[in-house]
Amino acid sequence: GNATSDPTATEPANGTTTSTTEAAGSDGHVFGEDETLIGGSIFTLQYAWFLGAQEGMEKWAEENPEAKVRFQFEDSQQDIQTNISNLENLVAAGAKGIVVFPTDSRAIIPTMVDLHKRNGTQFVVGDYPQQPDDPADAVWNTFVGHDMVALGETAGQVAVDYFESAGKKDPTIVYISVPTSGEVSIDRFEGFSKVVLEAFPDAKIIEEGDTGGGDRNSAQSLMENVLQREPVIDLVAGHNDAEVIGAYNAAVGANRAAEIKFVGIAGDKEVLQYIQDGNESWIGEVLQDPVVLGYTAMDALWKSMAEGEEMPEQYDLPKPEAITPANVADYDWQNWSWLG
Amino acid sequence: MTTATATYAAKSTRFSGGVRAFVNEWMILFLFLALFAICSVTIDRFLELGNLMNIARQISFLSIVALGQFFVILIGHLDLSIGSAIGLQSVLLAGLVANQGLSIWVALLMVMLSSIVLGMVNGLFVIYGKVPSFIATLVTMNVLTGIAFLYSRGLPISGLPSWLNYLGMGYLFSVPVPVYLMVLVTAACYVFTQHTELGRSFYAVGGNADAARLSGINVKFIGMVAFIICSFLATLGSIGLTARTMSGSATLGDAMLFEVMTVVVLGGTSLFGGRGNVLGVVLGAFLIGVISNAMVLIGVNTYFQWIVKGLILITVVLIDVNSKRK
Amino acid sequence: MTTATATYAAKSTRFSGGVRAFVNEWMILFLFLALFAICSVTIDRFLELGNLMNIARQISFLSIVALGQFFVILIGHLDLSIGSAIGLQSVLLAGLVANQGLSIWVALLMVMLSSIVLGMVNGLFVIYGKVPSFIATLVTMNVLTGIAFLYSRGLPISGLPSWLNYLGMGYLFSVPVPVYLMVLVTAACYVFTQHTELGRSFYAVGGNADAARLSGINVKFIGMVAFIICSFLATLGSIGLTARTMSGSATLGDAMLFEVMTVVVLGGTSLFGGRGNVLGVVLGAFLIGVISNAMVLIGVNTYFQWIVKGLILITVVLIDVNSKRK
Amino acid sequence: MSAVAQEVTPQEITTTPLVEIRNARMEFPGVLALDGVSFDLRPGECHALVGENGAGKSTLAKCIIGENTLTSGELFVGGQRVPKHYDVRDSQALGIAVVHQEFQLMEEMTALENIYVGNYSKRGPFIDRRAQRARAAELLTYLGVDIHLDVPVKYLRTAEKQLVQLARALSQEALVIILDELTAVLPENDIENIFRIVELLKRDGKGIIYISHRLDEIFSVCDRYTVLMDGRHIRTGDVTELTKPKLVELIAGRELSQVYPTLNPPDDDVVLQVEGLTSDAFFDVDLEVRRGEVVGIAGLVGAGKSELLLAIFGDYKVKKGTIRVNGEAVSMTSPRKAIQHGLGLIPDERKRLGLNSALDVRKNATLPSMRKFKKWGVFMDDEAELRKSYDTLESLQLRYSNLWQPTTKLSGGNQQKIVIGKWLIADTEIFLMDEPTRGIDVGAKSEIYRLIAALTAEGKSVILVSPEIEELLGLSHRIYVLYEGRIRDSFEGDRLNQSEVMTSLLGAER
Ligand SMILES: Nc1ncnc2c1ncn2[C@@H]1O[C@H](COP(=O)(O)OP(=O)(O)OP(=O)(O)O)[C@@H](O)[C@H]1O
Ligand SMILES: Nc1ncnc2c1ncn2[C@@H]1O[C@H](COP(=O)(O)OP(=O)(O)OP(=O)(O)O)[C@@H](O)[C@H]1O
Ligand SMILES: [Mg+2]
Ligand SMILES: [Mg+2]
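For the protein sequence lines, the chains are A, B, C and D, in the order given.
For the first sequence, the numbering used here puts the final residue at 341, and the numbers step up evenly by one.
For the second sequence, the numbering used here puts the final residue at 327, and the numbers step up evenly by one.
For the third sequence, the numbering used here puts the final residue at 327, and the numbers step up evenly by one.
For the fourth sequence, the numbering used here puts the final residue at 579, and the numbers step up evenly by one.
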């Protein structure tokens, strides 16, 4: 995006509320003294995982009452246009800073640039790395997020560990992706296959795209059909837990759950319960903690916005973790409210 | 006089048709059979009993929900809210058991009762409020989604008694339990629409509401009943799907609306009301089920699946539609 | 003679029923104004110029796409494929520039031409193939999604010339550029439907295709034109949205279909064809835009937004529908 | 009131009116449809309800069946005042059946079902189709007609649909039967059949309200008559004390001296020539129309008259044959082409084929001639269009309140005037008229007759299809008889008389 010639940007309609081209604060707003409205633009509330991110942001506010922040969360419903409108409307509502969980790696950039230039809105991007064509367009203060590839890699590692211990040289793997999730799905799959194929070049990885609803039910139907086609399957992984649990349910229905191992991704209580209960089909769940993500993103936003701290281009978060039968006892997962 | 009578009779015979007319009328059946035959011959594991049971099971709840929608479409309306109703009922069912600690039976009863209320709300807006059903049910769709998310926070709710899974995944004499349910609902709907006065009234209302009213049919009552049946069968489907996935999920029905609509229209139901057939709807569901299944068995690339599915569908419909007499 | 002239005046006056008839006819306008007034008074930042421009910009492309759909609905059909067409055209536009290295002008031209082909494909299935538009466009919807994903693998495509962003984000005399586009398209559609022979024919075809044909209207031609306009305006919307996001995305139009349908129906267009109004459609878009905006300005919890939005919508439609003369 | 009614003696039963309306007033928004009408129907009588188009006949009928609610006045059925929320179901329960003027059928449902919908025979909770079919067969025999019962009614011909409506009304075994222009779409031979049935019903003590614009029928079957005009009650009396001119005068409010105008002789040049036209409904039709000529086409139901007109108009698939307009061979592939060549069709089913209910009066009237009202080449010239519509519709004496008003609110006859009007505005040279006077009152009929005469005087030509032989004889220069899709004969000059045409029409050996 490039500069626009909008007079409203330089001549606010009534000097008091609309901000100027300079950084927030110059319109008389004093951070810490006045209440500060912080927007949270959430990718979707369909996935409980993002509730964790929201929770993390709220946790930060609780711990820092002196900041006097008030949150307003808006759901993008995985839609680019909703995401854009929400950002604009949040700024209109007076948000000084926004933590954005974008819907893809590009589409929201021009809007952020525009809002930043005209209203001085401060951004922190969460979860989804942004790739601006022009480095000048990177108007956000920092990126706080996980590496989707790493998530797939960690899942791949769980699979590799299992194949090694089981002594399988040429395992057959079904990976259920969600094509409509675009990059995320591709990244996770690539991370997964890279790790597996490095360790087992002869592994056969069958990618199945769920073109249905991308939920348990559609995954289950898909897997029922795949089971019919594939006489041998050693392991199933997938884009997220809805897909993998759906596949698991299908395997149970076909009486083949015992011969197949499952790796969950992204967090569902049910999987952890299976692992804790010693269900042999489940060999691991790969997780990132969204609460830490949300907390860190908010922290970074505040520091850069109110305290003028320089931020690195990217905040590194802890690597994704693999919860396995061996270490499940170490986790207090029952109390993670964001776990689906 | 006699000549005139004779002409009537003679002219009318052209409509009475014989085999040809039957084939044309039921083209969708023959297209389904053709597709089935092709799949049987060309795809290895297609004809295995297990696979056929797979297909049947996969479309069971879809059919049930579609049959509900069928009634609403038959009277010339639409119910867009079924998808979110399925989600809401699913989290309600699971939530009442897991969070409120109610017995599953009480939960089931409450969910069914609430489905009737839901249907009535839609009916009130559309039939009494005269709001176009598209808008009215779009609104309830959004409101129900809101409630479902408020209640569940978007989290899947587990904790259902494990026997419930039998409803969704169990077998009885090597036939999946959902298939029995589907057969039962289909038979009931068939008899209802073909052989009872109330059932026929849906056709009358959809065909010509004014004429129906002038024939002494309580058009508003029929309208309400249609929305209630729709909501009820959606809830039945929701219960089944919840039992199948063993968790309450607010998004369980998200993909359902379009599938349901496809099935209903594919089965020859007119979106303008008055024309359609219970068996056609179920056939439509089978057709969709077979295509999806075959696609995976052959191993068609995911992206191509969209395209291939589309091309098969349009071919089927083109033949079906153009075989019908004008 | 003088009396005859007097009667002519009386019989040719549009709203001979006085103010009352006018208000009833344009209830949606007054409801919009009422909502607008309420928002202005109760919500702090609502009436700021910047915010109003926000709203106008947010609904610009929605209106344009909705106006396209309006024509299809006006003749009693539906185009479900617009959402995926928007996605496909978006990746095509960006892809032709970024991957194929074509000039943006050539890419724009190709995308526009392809939109006409697309509209013709839909038209061929529906108008000549007699496939119900619901099914036909559902199929193209899936096929287009498949192609868009095949082409882009679901990845956003960047590399558009930066000036393009002006189309989606720029300002001219403190009014966003998309708003000019919307006004232009609306004015063109208005004049077209109200004051040209071709435009008026859409109403005739939608109201009664048989009667239209027997009055010399080329019903099939009108049908094709409707689908082409729809596809073309969807593509215009897609170009605008792509310019706004500066990247080609296959999922760009995913949420569009329902919004577009809501807007069109909210604006008083009958899904059965023959009735509706260009200005109503744009009003519908404004209504939706104001509600969404107000919701965020007030800071309504996201879950509640679904519910509150729904309740406002149903109230508006209830009043609107029931104020109309029978 | 009810107490009295419960203690009626047998004599009183026969004298209590089956239906009685006192001082009825009924308003539609902006229209006073009934204004102080009183009416009663006695057992065993056939009571004619007559009046101009829009006089309020159908409205009165609809009030009796509870479809419309009286604004004021009283309605008694069987001597009892009807309850407050009297509706269609109540009237059915009270034994009132009706054949509506506009078809009220479910097009997708079979004839059988249309007869019984809302009133099925049942065995337990289920519909007893066998019993129903048996009853329907009996009914049809009683009616003396044969209709294929298992065909969706959309496949039936207009006359057959009407008979289905009649069968439906009779199946209810009602005490009161309202026939609202039943015969408008029936051929003459069926009408005699209707008379027979009416007589049978009268003998059973039932009451019939007979609404018709064909005045001869009234003298054939009706006992009393009531005339309405502009919603007002003009007169009720015995038919025996009436003559046809007197009745016409009561209806039209003026004397109509001569029903059929005298036509100028046609020119010699042939404007339309059809040769060997063949389709699946008619075969090898040769026909010619000269400038200023009215050519009648007579034929039984199903003879293919409508199809022939449609084919000439480019809307029915022909297998072979040529059509020449002004000597030039034209391939009539669409109505659009036909219109360009100066043809205009007034179809038999005006609701389905003639009018667009979503459009207003003006837009309906100018539908085929929009291109005539252009400003700057592209835009519609609203003013000219309104003006022209106004002038034309006024010249047809259309009763309407506003050019922007939807056509659905107009009475049937007035709707037909709009259909005629649109071809006048389109400057049509050759009018194809398929039963143009169907459902039109005497006054309007004679206006249309005069219009036809005026058109031919201007050098325009008309092909006229009518089920009424008398009308054809009175208006045509020449008559073709179509029999089972073939032109069997043509009559002009001396041979143009009722008996010759009838003989040919009914298919008796020549
Ligand atoms: N639903 C309606 N809304 C408004 N006005 C109506 C309606 N129905 C009828 N009218 C008006 O009421 C008057 C009486 O109409 P009605 O149909 O009773 O006439 P009619 O005597 O049956 O005429 P016809 O011989 O043409 O059938 C007319 O002026 C007509 O325009
Ligand atoms: N809906 C229909 N579909 C197919 N064929 C039809 C249909 N209606 C009539 N026909 C056929 O067309 C021919 C002519 O029928 P139609 O009743 O229109 O004749 P008509 O001479 O115009 O009679 P009418 O006196 O009703 O105008 C007959 O052979 C009849 O079987
Ligand atoms: Mg009438
Ligand atoms: Mg005819």
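Each residue gets a CB set at the ideal place from its N, CA and C atoms; glycine is no exception.
The alpha-carbon separation between L97/B and N166/B amounts to approximately 17 Å. Within chain C, the residues whose beta carbon sits less than 7 Å from that of Y304/B are G147, F150 and L151, listed in sequence order. Residues of the segment 356-384 of chain D whose Cβ lies closer than 8 Å to any Cβ of chain C, in chain order: F382 and D384. Identification of chain A residues near N52/C by a Cβ-Cβ cut-off of 7 Å yields A93, ordered along the chain.
Less than 8 Å separates the beta-carbon of I87/C from that of G238/C. According to DSSP, residue pairing for Y152/C in a beta bridge does not occur. Those residues of the segment 177-191 of chain D placed with their C-beta closer than 8 Å to a C-beta in chain B are E177, M178, E182, V186, G187, N188, Y189 and K191, ordered along the chain. The beta-carbon separation of L75/B and G274/B, rounded to 6 Å, stays under the 8 Å limit for a contact. Taking the Cβ atoms as the reference, P179/B lies roughly 19 Å from G84/B, outside the contact range of under 8 Å. The C-beta distance from L87/D to P112/D rounds to 6 Å, short enough to meet the 8 Å contact threshold. At least one heavy atom of ligand 1 sits closer than 7 Å to the Cβ of K478/D. Contact check for T141/B against L68/B fails: the beta carbons are separated by 8 Å or more. Between the alpha carbons of G123/D and I280/D lies a gap of roughly 13 Å. Counting along the chain, I85/A sits inside no beta strand (DSSP E); it lies in the alpha helix (DSSP H) bounded by residues I81 to A93. Taken residue by residue, none of the segment 222-241 of chain B has a beta-carbon sitting less than 7 Å from a beta-carbon on chain C. Counting C-beta atoms within 10 angstroms of its own C-beta, W445/D has fewer than 16 neighbours from the protein chains shown and is therefore classed as exposed.
Look at L32/C here: in three-state DSSP terms it is helix. Against chain B, a Cβ distance below 7 Å from W307/C picks out N143, V144, T146 and G147. Taking 4 residues as the minimum length, the alpha helix (DSSP H) runs contained wholly in the segment 300-354 of chain D are 313-321, in order along the chain. Counting of Cβ neighbours within 10 angstroms places K388/D among the exposed residues, the total staying below 16. When C-alpha distances from R393/D are compared across V167/D, K386/D and A407/D, the shortest belongs to A407/D. With contacts defined as CB atoms closer than 8 Å, T476/D and I494/D fail to qualify as a contacting pair. F172/D has its Cβ no nearer than 7 Å to any heavy atom of ligand 1. Residue-level contact check: I196/D touches chain B, since one or more beta carbons of chain B fall below 8 Å from its beta carbon. Pairing D35/A with N55/C, the inter-Cα distance amounts to about 26 Å. The three-state secondary structure of F108/D, taken from DSSP, is strand. Taking the Cα of V73/C as reference, the smallest distance to any Cα among L34/C, G171/C, A108/C and P133/C is reached at P133/C.
For G120/D, the Cβ stays outside the 7 Å cut-off from all heavy atoms of ligand 3. If you check the CB distance, A117/D and V308/D come in under 8 Å. Interface annotation for the segment 54-65 of chain B against chain A: N55 and Q59, criterion Cβ-Cβ distance under 7 Å. At a cut-off of 8 Å between beta-carbon atoms, D80/B makes no contact with chain A. Annotation: the continuous beta strand (DSSP E) that includes W283/A extends over W283 to L288.
Boundaries of the beta strand (DSSP E) around Y316/A: Q315 to D317. With 16 or more neighbouring CB atoms inside 10 Å of its own CB, W307/C falls in the buried class. Your pair L232/D and V214/D checks out as a contact, with CB atoms roughly 5 Å apart and the cut at 8 Å. Identification of chain B residues near Q173/D by a Cβ-Cβ cut-off of 8 Å yields N209, D211, A212, L215 and S216, ordered along the chain.
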